[in-house]
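Chemist: Just so you know, we're using this note's numbering here: the sequence shown kicks off at 11 and counts up by one. From the three backbone atoms N, C-alpha and C, an ideal C-beta is built for every residue, glycine too.
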Amino acid sequence: MNRQKGKLRSLYTTVEGLSIHARISAEIPPKDAPVLILVPGAGLSGRYMIPTAEQLVPDYQVYVPDLPGYGESDKPSPPLNLSELADILCKWMDAVGIEQATMLGNSLGCQIIVEFAVRHPNRLERAILQGPTVDRHARTFYQQLWCLILDAPNEAPSQAVIQIEDYWKAGFARVLHTFEMALSDAMEEKLPHVNVPTLVVRGEKDTLVSPQWAEEIVNLLPNSQFVEIADGGHTLNYKMPEAVARVTRAFINGTGPHLSKNQELTR
11 MNRQKGKLRS LYTTVEGLSI HARISAEIPP KDAPVLILVP GAGLSGRYMI PTAEQLVPDY
71 QVYVPDLPGY GESDKPSPPL NLSELADILC KWMDAVGIEQ ATMLGNSLGC QIIVEFAVRH
131 PNRLERAILQ GPTVDRHART FYQQLWCLIL DAPNEAPSQA VIQIEDYWKA GFARVLHTFE
191 MALSDAMEEK LPHVNVPTLV VRGEKDTLVS PQWAEEIVNL LPNSQFVEIA DGGHTLNYKM
251 PEAVARVTRA FINGTGPHLS KNQELTR
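1) If you follow the alpha helix (DSSP H) that residue 129 is in, where does it begin and where does it stop?
2) Would you give the residue range spanned by the beta strand (DSSP E) that residue 46 belongs to?
3) Does the Cβ of residue 150 have 16 or more other Cβ atoms within 10 Å, making it buried, or fewer, making it exposed?
4) Any chance the region 201-214 sits against the region 229-239, with 3 or more Cβ pairs inside 8 Å?
5) When we look at the beta-carbon of residue 19 and count the other beta-carbons within 10 Å, is it buried (16 or more) or exposed?
6) Taking the CB atoms as reference points, tell me whether residue 251 and residue 62 lie closer together than 9 Å.
7) Quick check: what's the CA-CA separation for residue 218 versus residue 157?
8) Considering only the alpha carbon of each residue, which of 189, 199, 247 and 244 lies closest to residue 227?
9) Please work out which residues of its chain come closer than 6 Å, Cβ to Cβ, to residue 110, disregarding the five sequence neighbours upstream and downstream, and give them in chain order.
10) What's the gap between the Cα of residue 166 and the Cα of residue 95?
11) Determine whether the beta carbon atoms of residue 89 and residue 183 lie at a separation below 9 Å.
12) Could you compute how far the alpha carbon of residue 288 sits from the alpha carbon of residue 66?
13) Among 108, 84 and 244, which residue has its Cα nearest to the Cα of residue 140?
14) Which first and last residues belong to the beta strand (DSSP E) in which residue 30 is found?
15) Taking the alpha helix (DSSP H) that residue 168 falls in, what are its first and last residues?
16) Does the separation of the CB atoms of residue 49 and residue 92 fall below 9 Å?
17) As an exercise, report each continuous alpha helix (DSSP H) stretch of at least 4 residues that is fully enclosed by the region 195-233, in chain order.
18) Is it true that the CB of residue 84 sits closer than 9 Å to the CB of residue 28?
19) Exposed or buried, which one is residue 17 when buried takes at least 16 other CB atoms within 10 Å?
20) Which of the three DSSP states is assigned to residue 254 in this structure?
21) According to DSSP, is residue 143 helix, strand or coil?
22) With three or more C-beta pairs closer than 8 Å as the rule, is the region 65-79 touching the region 30-47?
23) With distance defined between alpha-carbon atoms, name the residue in 192, 54, 155 and 107 nearest to residue 171.
24) So the beta strand (DSSP E) residue 22 belongs to, where does it begin and stop?
25) To the nearest angstrom, how far is it from the Cα of residue 78 to the Cα of residue 86?
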């Protein structure tokens, strides 16, 4: 079933002296609609999360923040580390009036969500880790660079334009810091402490998230489900937003266990 795309609007909020930009639902969702926060990956603004966000509006109260340092948000110096990003995300939730939310992240966004889950467990209702990095079997700069090169044919050319623009806006030093931060994060040590229901989503052709790594994540999480999206690469949220939205709805609605291996849903 084709759904009509929802609309987003910009919201600027000051948190800890920093202006944080977010894209949020422009339409008024149902009063009891779950809150869904989309967390972008390394060095990127929320722009490349828009296709998925548009699929999920107006069924949910959707928020897509540009984390401090990226996009239209202020750029603190020195750049924030992983725990600081998780903490300011929590304070931003306070500022915009969100008590608890489901979070959907891509790539480094998954690492931020895991950090958030450990530091602020009462503020997270569910987690969706789509393309969770960094594979502990390939945790060097050159290994990750090679994985990115191999994944490129699976991604939309227009996404590369967004990435280049976002990296340029963030600045080389900040982007480099972000990648170093991602590589140094042993997420596998935190996963057993993530106690909320968690859906792990992998693209079938994602070269950054090996099947072995995805399986390890699923096994380390106390309450997890897994779905693999056929023909998908690393940034399903941009190239295959309809599929991501479908599995997100099914997970939130409680039908997630039936998703695994379901090719009709994942194609």
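Modeler: Quick look at the numbers:
1) 118-129
2) 45-49
3) exposed
4) yes
5) exposed
6) yes
7) 5 Å
8) 199
9) 133 and 135
10) 28 Å
11) yes
12) Beyond the ends of the chain as shown, which are 11 and 277, falls residue 288; an answer cannot be given.
13) 244
14) 28-35
15) 167-180
16) no
17) 221-230
18) yes
19) exposed
20) helix
21) coil
22) yes
23) 54
24) 18-25
25) 7 Å
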